[in-house]
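Note sheet for the following structure.
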Ligand code: NAD
Ligand code: TYD
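Residue numbers (our numbering): 1 to 342.
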């Protein structure tokens with residue numbers, strides 16, 4: 001039996017990972033710790049206690065709260081920690097970086113210290129391609145590149161990666177890092193590009209595209225990311241970083257147009273708005289290391305993944321309607337209400 005702590009398991013990737021593991025690793029027992037911030041939603045893990053009994057449990061708590069984390073590790077002897085808890089949205093980090101430093105940096109230090117004190121088997125830090133900075137028209141990110149984050153969000157994720165590496169080097173800790181490109185799929189909070197555009201289009205609202213819409217992201221379906229995290233947790237080499245990517249580079253505008261087409265909505269909904277400050281131009285992942293060493297490849301093509309994701313948002317209207325009718329409305333107003341059109 002493997003006793004696994006997943007942090008951030010009520011968020012987008014975390015809840016997909018919890019379900020992936022419960023389905024695919026019958027001898028793993030999962031404890032999910034999540035603070036339930038605006039992005040954490042208990043509906044994302046609804047029914048798992050009943051379906052999986054003692055293999056799944058949830059505790060609400062803050063990874064940067066030393067007392068809470070110490071008690072958690074005293075009560076449970078974990079074989080593996082998968083750290084996904086984070087503040088994850090670049091635009092919010094531009095509005096205010098404080099909570100990003102608290103969760104994404106301090107929280108990681110608190111978890112690393114607890115794992116060290118209690119002899120946790122392995123620590124896996126879920127990081128992002130954004131720590132490498134931005135690419136021009138050519139080339140791709142490989143693990144040997146220096147970190148060059150540009151946003152407050154990516155700066156805190158890079159700081160966490162450096163801490164993890166320092167604990168491996170200094171304390172001989174068994175830790176690994178995954179860096180993945182932009183995810184999409186079910187349960188993604190509708191502040192990120194794809195779900196925001198789907199939800200707005202379904203409501204016949206403006207589709208706010210930053211700048212000229214030519215920025216490029218490398219899209220990966222969340223299920224492929226989850227499979228990669230488990231592969232690295234099981235077989236990745238200690239102290240190593242593994243890039244994961246979807247081999248699906250797209251300009252933002254192409255994505256928004258594809259969503260309009262699939263939903264039968266007119267492109268006249270598209271509004272080019274003031275660019276994000278410091279907007280990274282392009283991300284593209286070279287994932288040849290994990291493919292070569294661990295045999296992982298992305299399996300879900302972008303067209304197929306976008307179809308199934310849109311279908312999920314159509315079938316789960318209640319899930320996102322509850323989100324956009326709550327607190328998130330105020331955030332939306334702050335972010336887009338007075339944003340100049342271009
Ligand atoms: P998300 O914002 O949907 O979920 C984050 C979760 O963490 C939420 O459930 C939230 O309640 C929880 N959380 C926040 N602060 C916490 C704290 N202090 N203590 C405990 N829980 C806390 O994010 P996501 O998109 O699912 O991303 C998960 C992880 O994957 C993050 O570490 C992110 O940096 C990384 N990542 C995301 C992407 C992407 O495209 N979304 C790509 C690469 C890496
Ligand atoms: P996002 O989903 O926020 O992910 P990230 O910034 O972490 O890559 O944004 C993806 C791309 O879409 C990014 O280039 C910014 C752009 N974008 C828009 O054009 N309009 C929007 O309303 C949002 C949220 C993002």
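From the three backbone atoms N, C-alpha and C, an ideal C-beta is built for every residue, glycine too.
Out of the options, state which residue places its alpha-carbon closest to the alpha-carbon of residue i.
| i | options | result |
| --- | --- | --- |
| residue 363 | 93, 125, 67 and 87 | The chain is shown only over 1 to 342; residue 363 falls outside these bounds and no answer can be derived. |
| residue 153 | 132, 70 and 145 | 132 |
| residue 351 | 342, 235, 338 and 26 | Any question about residue 351 goes unanswered here, given that the chain covers just 1 to 342. |
| residue 250 | 265, 215 and 97 | 215 |
| residue 79 | 51, 121 and 62 | 121 |
| residue 135 | 74, 319, 283 and 303 | 283 |
| residue 277 | 195, 5 and 93 | 93 |
| residue 248 | 181, 51, 310 and 264 | 181 |
| residue 221 | 310, 160 and 162 | 310 |
| residue 268 | 325, 59, 204 and 240 | 204 |
| residue 240 | 20, 293, 71 and 22 | 293 |
| residue 48 | 23, 113 and 70 | 23 |
| residue 101 | 185, 142, 254 and 163 | 163 |
| residue 119 | 243, 171, 38 and 20 | 171 |
| residue 328 | 5, 21 and 40 | 40 |
| residue 286 | 81, 242 and 193 | 242 |
| residue 326 | 32, 37 and 20 | 37 |
| residue 252 | 230, 210 and 246 | 210 |
Buried or exposed: where does residue i fall if 16 or more other Cβ atoms within 10 Å of its Cβ makes it buried?
| i | result |
| --- | --- |
| residue 238 | exposed |
| residue 179 | buried |
| residue 223 | buried |
| residue 128 | buried |
| residue 35 | buried |
| residue 188 | buried |
| residue 103 | buried |
| residue 339 | exposed |
| residue 156 | buried |
| residue 87 | buried |
| residue 137 | exposed |
| residue 15 | buried |
| residue 54 | exposed |
| residue 233 | buried |
| residue 169 | exposed |
| residue 316 | exposed |
| residue 288 | exposed |
Closer than 6 Å by C-beta to residue i: which residues in its own chain qualify, once you throw out the five before and the five after it? Chain order, please.
| i | result |
| --- | --- |
| residue 197 | 207, 256 and 259 |
| residue 147 | 131 and 158 |
| residue 66 | 110 |
| residue 112 | 167 |
| residue 191 | 89 |
| residue 263 | 201 |
| residue 281 | 134 and 215 |
Which residues in the same chain have their Cβ closer than 7 Å to the Cβ of residue i, if we skip the five residues on either side of it in sequence?
| i | result |
| --- | --- |
| residue 1 | 27 and 29 |
| residue 319 | 43 |
| residue 3 | 29, 76, 77, 78 and 79 |
Excluding the five sequence neighbours on either side, which residues of its own chain have a C-beta within less than 8 Å of the C-beta of residue i, listed in chain order?
| i | result |
| --- | --- |
| residue 68 | 61 and 62 |
Just list the alpha helix (DSSP H) runs in the stretch 263 to 321, keeping only unbroken ones of 4 residues or longer that don't cross its boundaries, in chain order.
-> Counting only runs of 4+ residues, the alpha helix (DSSP H) found wholly inside the stretch 263 to 321 occupies 288 to 294 and 302 to 315, in chain order.
What are the uninterrupted segments assigned as alpha helix (DSSP H) that are 4 or more residues long and contained completely in the stretch 27 to 89, given in chain order?
-> 48 to 52 and 66 to 75
Entirely within the stretch 102 to 179 and at least 3 residues each: give me those beta strand (DSSP E) ranges in chain order.
-> Within the stretch 102 to 179, the complete beta strand (DSSP E) runs of at least 3 residues are 122 to 128.
Enumerate, from N- to C-terminal direction, the unbroken beta strand (DSSP E) stretches of 3 or more residues contained entirely within the stretch 182 to 206.
-> Runs of the beta strand (DSSP E) spanning 3 or more residues and lying entirely within the stretch 182 to 206 occur at 182 to 184, in chain order.
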